[in-house]
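In case it helps, numbering that gives the first Met the number 0 puts the sequence shown at residues 0 to 312. Input: a single structure, listed below in structure tokens.
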Amino acid sequence: MVVIADISEVDEIVDKVEERGEIEVLEELPVRSYPTRATAIYHAISTGDAFQSYLCEIRRFGLLTPAEEIDLAQRAAAGDERARHQLIESNLRLVIAIARRYTTTGVPLVDLIQEGNLGLMRAAEKFDYRRGCHFGTYATWWIRQAVSRAAGDQSRLIHLPEHVATNLRKLRRVVAQLSQQGNLDPLPEQIAEACNFGLDEVKQLLDIIEQPVSLDTPGDDDAHYPLAETIEDSAIPAFADVATQHLLSEELHQALASLTPRERSVITLRYGIGDGWSRTLLEVGKELGISRERVRQLEVVALKKMRSKFSCQ
């Protein structure tokens, strides 16, 4: 097996793979939430030759054909955990493609990858193949939300000692895990046990965070989605106020499915859906073989349709 020795090789991989991602797991997640092979990958990137080993490992997972993806999604929806794991494993590299664009924030790439992988796993859990949306397209929004939130946290952690910042990141991930398990407001004692921290340390960390409301708490009494799904991702172009608050939720499937194939291609390329890279009007025109003005017209029509779709939810 060829070992990837340089980050530039990741760029080459990303350029060749349009809508593929990677799965990584957080050490604190329940064992049932991820496959054994993915667990091994996490430990690989957390030690010594971490990144080289990780990049080498993800090459073992092949890409899926559209038919294979639909088949796996159907089986996963029916409760087949192995199918869900394979769907995740076969969508490697997308998290790296997105996470590496946030490295200037000062957050270690491995941490960004971990956060992005949690978003990818959430996407796999919520994905509905019947909406006619590619899994990579849907997963992109979850990954970018998770990575950008981690990067944004750095502004609050940058003046803290490194060990404190690291513990804060771990605490936040554990709180998210407990919330996913149904404990929306975990006690400091529960957090301390899950983190393997002392109770006093947990209380000090919670004081630093100064954010008692869980992001997995329902948005309001009638909401069917958590607060996290309504948070705007500043890294994504704000093409519509309503869209930016809902694109991370399941309504994205419906919005994209309402477009024609050409309109969907324009939106996908313009906003970097699938590969995390936004194109200009001129670049989109060249890829689709149409004029810049035609791209603009298609974008306006597509966004109007998506905006209308969201307003009907």
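All C-beta atoms in this analysis are idealised placements derived from N, C-alpha and C, irrespective of residue type, glycine included. Just so it is clear, the structure is predicted and the values come from calculations on it, not from any experiment.
Ordered list of alpha helix (DSSP H) runs contained in the stretch 80-108, each at least 4 residues: Listed in chain order, the complete alpha helix (DSSP H) runs (minimum 4 residues) inside the stretch 80-108 are 80-88 and 93-98.
Segments assigned alpha helix (DSSP H), at least 4 residues, entirely inside the stretch 262-301: Taking 4 residues as the shortest admissible run, the stretch 262-301 contains the following complete alpha helix (DSSP H) segments, listed from N- to C-terminal end: 280-287.
Gln113 (DSSP reduced to helix, strand or coil): In the displayed model, Gln113 falls within a helix according to three-state DSSP.
If you count every other CB in all the chains shown that lies within 10 Å of the CB of Asp110, and 16 or more means buried, which is it? Classification for Asp110: buried.
In whole angstroms, what is the alpha-carbon distance linking Arg306 and Ser264? Their backbone Cα atoms lie some 17 angstroms apart in a straight line.
Roughly how many whole angstroms lie between the Cα atoms of Ala63 and Tyr128? Residue 63 is actually Leu in this sequence, not Ala. C-alpha separation (whole angstroms): 14 angstroms.
Excluding the 5 residues preceding and the 5 following Val173 in the sequence, name in chain order all residues of the same chain whose CB lies nearer than 7 angstroms to its CB. Shown here for Val173: same chain residues with a beta carbon closer than 7 angstroms to its own, the five before and five after excluded, namely Glu27, Ile190, Ala193 and Cys194 in chain order.
Kindly indicate which three-state DSSP category Asn195 falls into: helix, strand or coil? In the three-state scheme derived from DSSP, where H, G and I count as helix and E and B as strand, Asn195 is classed as coil.
Is the stretch 72-83 in contact with the stretch 128-147, if contact means three or more CB pairs nearer than 8 angstroms? Contact between the stretch 72-83 and the stretch 128-147 is present: three or more C-beta pairs spanning the two stretches fall below 8 angstroms.
Using only alpha-carbon positions, find the residue among Arg261, Thr139 and Ser52 that is nearest to Ile272. Checked all of Arg261, Thr139 and Ser52; the closest Cα to Ile272 is Thr139.
When you compare only the Cα positions, how much space is there between Tyr137 and Gly118? Each residue's alpha carbon lies about 11 angstroms from the other.
Quick one: what does DSSP say Ser330 is sitting in, helix, strand or coil? Nothing can be reported for residue 330: it is not among the residues displayed for the chain, which extend from 0 to 312.
Determine the extent of the alpha helix (DSSP H) in which Arg320 is found, giving its start and end residues. Absent from the model: residue 320. The displayed extent of the chain is 0 to 312, so no value can be given.
Cβ pair Leu86, Leu71 closer than 9 angstroms: Judged by their CB atoms, Leu86 and Leu71 are nearer to each other than the 9 angstroms cut-off.
I need the DSSP call for Thr259, collapsed to helix, strand or coil. Three-state DSSP puts Thr259 in coil, outside helix and strand.
Option nearest His84 by Cα separation, candidates Asn116, Thr104, Pro65 and Arg295: When each option's Cα is compared against that of His84, the closest is Asn116.
If Ile207 sits next to Leu167, beta carbons under 8 angstroms apart, how far is it from one beta carbon to the other, in whole angstroms? Yes, Ile207 and Leu167 are in contact; Cβ-Cβ is about 6 angstroms, under 8 angstroms.
Out of curiosity, what's the CA-to-CA distance linking Thr165 and Ser290? Approximately 49 angstroms, taken between the alpha carbons.
As a quick exercise: from Arg121, Leu186 and Val94, pick the residue whose alpha carbon is nearest that of Leu108. The option with the nearest alpha carbon to Leu108 is Val94.
Under the three-state reduction of DSSP, which class applies to Gly61: helix, strand or coil? If DSSP states are grouped into helix, strand and coil, Gly61 belongs with coil.
Quick one: what's got a C-beta closer than 8 angstroms to Leu258's C-beta in the same chain, skipping five residues either side? Setting aside the 5 residues that flank it on each side, Leu258 is surrounded in the same chain by Ile266, Ala301, Lys304 and Met305, each with a C-beta closer than 8 angstroms to its C-beta; the list follows chain order.
Nearest neighbour of Gly61, chosen from Lys202, Glu88, Phe196 and Arg121 [CA to CA]: Closest option to Gly61, Cα to Cα, is Glu88.
Would you grab the beta carbon distance between Ala149 and Val201 for me? Rounded to a whole angstrom, and I think it's under 8 angstroms. With a Cβ gap of about 20 angstroms, Ala149 and Val201 do not count as contacting.
Can you tell me whether DSSP reads His162 as helix, strand or coil? Looking at His162 - three-state DSSP - the assignment turns out to be helix.
Cβ-based neighbour list, Thr103, same chain, cut-off 6 angstroms, excluding 5 preceding and 5 following: Sequence-distant partners of Thr103 (beyond 5 residues in either direction) whose C-beta falls short of 6 angstroms from its own C-beta are missing from its chain.
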